[in-house]
Amino acid sequence: MRRLLMVFFLGAMTVEAQQAGQPGPTIALQARPQPEAGGGTVVGHVYCGDTHAPAHLAHVSLSPVPQVGSQGGGRFGGGMVTADMDGAFLIQGVAPGSYYVNVQMPGYVSPLQSVASADLTDSSADAQLRVRQKVQMVTLSGAESVRVDVTVDRGSAISGVVRFDDGTPAANVFVSVYTPPVATATNATTVTSASQFGRGGLGTGGVRGSGSTQTDDRGVFRIAGLPPGDYMVSANVVLPAAATPAPAPTSGGGRTFNPGTNLIVYAPATLHRSGATTFTLGSGDEHNGVEITVSLRGLHVVSGHLSGSTDDGGRRRVVLHDTGDVAFSRNALVAADGSFRMEEVPDGDYTITVAGGGTVGTATGIGVAVHGGDVTDVVLTQ
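Numbered according to mature numbering (1 follows the signal peptide of the UniProt record, and there is no 0), the sequence shown spans residues -19 to -1, 1 to 363.
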């Protein structure tokens, strides 16, 4: 009853505002493809490749094949549907066009996981040929019904434990798998779980995979549904922001806080992706016993001052990059007095630049060597 009264009250307010000549509130909605009136239908079954049994309650979706001059979107593929207990599915209202058929089921490799991410948005004939070698495609020209049966293969799995250096388990820590760099370190790609997070892990040169989970109370993790290939494994430990130095007030009346550090540790116990162990998984392999040790020993502070700094409301940021591992970085906000502080920095050689606030620091960066102790006298010139 209270809810009905509230709806009536809000409705009365809207009518009253409109009668007074005041425009009512508007909400901008992003346009998205809609079901095609009299569109086509895609029907079929999904089967498990290892058991040949129906894939109970598998999720089935259609992904538009890119057309020349487009990014592959804009056509309604019927949305995601759930197969029944016999593995049967029905997708209605599909607009004319060609579509890749994707299936998501825990523990199994989704067809789109087995192809290079770049090929999925490439309209070239060569790219689409590579995709069709591993992913089934359907084409509809109107209101016809098209049948397609899909078989999904059991994926590989990798499992292990994350511990702190004193032996205690690291609980509730996110663990991810990565495809190794293809040509350079900048090409390594996080493989995320489409079924868990509702998105495919896209990246240059990488593949889609099911590759992120959280450790339990024992620090134990298991990631399944991986296509065959080479993988690195990392744990992401979020450290709280340091209590010192105290955040400085900004001209806007707020306070500038440095966020906590995302300490990404690669198996077995390194902060550098270049030093990570690579695990090779064959089709359907189960790789157990991966150990990741999280240690804060040997980590340092890099701090200093940005000369000529003016308070810009905390929009400027100092960024530190490892000269030997482009995957490693640290960053910190510049306080109102120009000071900055970055923590959890291992030994190494780095460059530091300033970004944000409408300015960018020295283009080549300032070199900083961290070896065996903190570096607290860095001076950057704006």
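No residue lacks a Cβ here, since even glycine has one placed at the ideal position from N, Cα and C. All of these numbers come straight from a predicted model, not from anything done at the bench.
Beta-carbon of residue i versus every beta-carbon of chain D: anything under 8 Å?
{"i": "Gly136", "result": "The chain inventory of the structure shown lacks chain D, comprising one protein chain alone."}
Using DSSP with H/G/I as helix, E/B as strand and the rest coil, what is residue i?
{"i": "Ala257", "result": "coil"}
{"i": "Leu71", "result": "strand"}
{"i": "Leu277", "result": "coil"}
{"i": "Gln114", "result": "coil"}
{"i": "Pro92", "result": "helix"}
{"i": "Gln363", "result": "coil"}
{"i": "Gln109", "result": "helix"}
{"i": "Gly353", "result": "coil"}
{"i": "Ser42", "result": "strand"}
{"i": "Ala34", "result": "coil"}
{"i": "Asp358", "result": "strand"}
{"i": "Ser320", "result": "strand"}
{"i": "Phe264", "result": "Checking the sequence shown, residue 264 turns out to be Ser, not Phe. If DSSP states are grouped into helix, strand and coil, Ser264 belongs with coil."}
{"i": "Ser122", "result": "coil"}
How many angstroms separate the CA atom of residue i from the CA atom of residue j?
{"i": "Thr120", "j": "Asn217", "result": "42 Å"}
{"i": "Pro327", "j": "Thr261", "result": "28 Å"}
{"i": "Gly78", "j": "Ala152", "result": "47 Å"}
{"i": "Ser176", "j": "Gln85", "result": "Model confidence at Ser176 stands at a pLDDT of 27, short of 50, so the residue's coordinates are unreliable; what they give is reported in the following sentence. In a straight line, the C-alpha of Ser176 is about 6 Å away from that of Gln85."}
{"i": "Gly285", "j": "Met323", "result": "9 Å"}
{"i": "Arg199", "j": "Cys29", "result": "32 Å"}
{"i": "Gln48", "j": "Ser104", "result": "5 Å"}
{"i": "Tyr89", "j": "Leu38", "result": "13 Å"}
{"i": "Val246", "j": "Asp31", "result": "34 Å"}
{"i": "Ala350", "j": "Ile204", "result": "37 Å"}
{"i": "Val359", "j": "Val307", "result": "21 Å"}
{"i": "Lys115", "j": "Leu277", "result": "44 Å"}
{"i": "Gly136", "j": "Gly206", "result": "4 Å"}
{"i": "Pro35", "j": "Asn83", "result": "16 Å"}
{"i": "Leu280", "j": "Leu252", "result": "10 Å"}
{"i": "Glu325", "j": "Ala248", "result": "18 Å"}
{"i": "residue 376", "j": "Ala108", "result": "Not covered by the structure: residue 376. The range shown for the chain is -19 to 363."}
{"i": "residue 377", "j": "Phe321", "result": "Only positions -19 to 363 of the chain appear in this structure, which leaves residue 377 out of reach."}
{"i": "Ser122", "j": "Ala106", "result": "20 Å"}
{"i": "Asn269", "j": "Pro87", "result": "18 Å"}
{"i": "Ala99", "j": "Arg254", "result": "23 Å"}
{"i": "Thr357", "j": "Gln363", "result": "18 Å"}
Let me check one thing: in DSSP terms, what residues is residue i bridge-paired to?
{"i": "Thr194", "result": "Val156"}
{"i": "residue 365", "result": "Limits of the chain in this structure are -19 at one end and 363 at the other, which puts residue 365 out of reach."}
{"i": "His26", "result": "Ala69"}
{"i": "Gly213", "result": "In the sequence as presented, Gly is not what sits at residue 213; that position holds Met. Beta-bridge pairing links Met213 to Tyr159."}
{"i": "Asp103", "result": "Answer is none; Asp103 lacks a bridge partner."}
{"i": "Arg135", "result": "Tyr89"}
{"i": "Asp306", "result": "Asp303"}
{"i": "Ala313", "result": "Val299"}
{"i": "Ala336", "result": "Arg298"}
{"i": "Ala285", "result": "The residue you asked about is not Ala; residue 285 is Gly in the sequence shown. Gly285 is bridged to Phe321, Val359."}
{"i": "Arg203", "result": "Ser140"}
{"i": "Gly348", "result": "Thr332"}
Is residue i near residue j, with beta carbons less than 8 Å apart?
{"i": "Gly348", "j": "Thr334", "result": "no"}
{"i": "Val214", "j": "Val282", "result": "no"}
{"i": "Val143", "j": "Val154", "result": "yes"}
{"i": "Thr160", "j": "Asp211", "result": "yes"}
{"i": "Phe309", "j": "Asp318", "result": "no"}
{"i": "Val41", "j": "Ala64", "result": "yes"}
{"i": "Val271", "j": "Gly141", "result": "yes"}
{"i": "Ser44", "j": "Pro208", "result": "no"}
{"i": "Ile273", "j": "Ala257", "result": "no"}
{"i": "Ala69", "j": "His26", "result": "yes"}
{"i": "Ile72", "j": "Val23", "result": "yes"}
{"i": "Asp330", "j": "Gly305", "result": "yes"}
{"i": "Leu361", "j": "Leu301", "result": "no"}
{"i": "Gly21", "j": "Glu125", "result": "yes"}
{"i": "Ile139", "j": "Val127", "result": "no"}
{"i": "Val46", "j": "Met118", "result": "yes"}
For the putative contact between residue i and residue j, defined by C-beta atoms under 8 Å, what is the C-beta separation to the nearest angstrom?
{"i": "Asp67", "j": "Ser264", "result": "About 26 Å; that fails the 8 Å criterion."}
{"i": "Arg298", "j": "Ala336", "result": "6 Å"}
{"i": "Val62", "j": "Tyr81", "result": "About 15 Å; that fails the 8 Å criterion."}
{"i": "Leu110", "j": "Leu101", "result": "That belief does not hold up - the Cβ atoms of Leu110 and Leu101 are roughly 13 Å apart, past 8 Å."}
{"i": "Leu220", "j": "Thr242", "result": "5 Å"}
{"i": "Asp146", "j": "Val275", "result": "7 Å"}
Tell me whether residue i counts as near the ligand GTP, meaning its Cβ is closer than 7 Å to at least one heavy atom of that ligand.
{"i": "His33", "result": "What this structure holds is no ligand at all, so the ligand GTP is not there to describe."}
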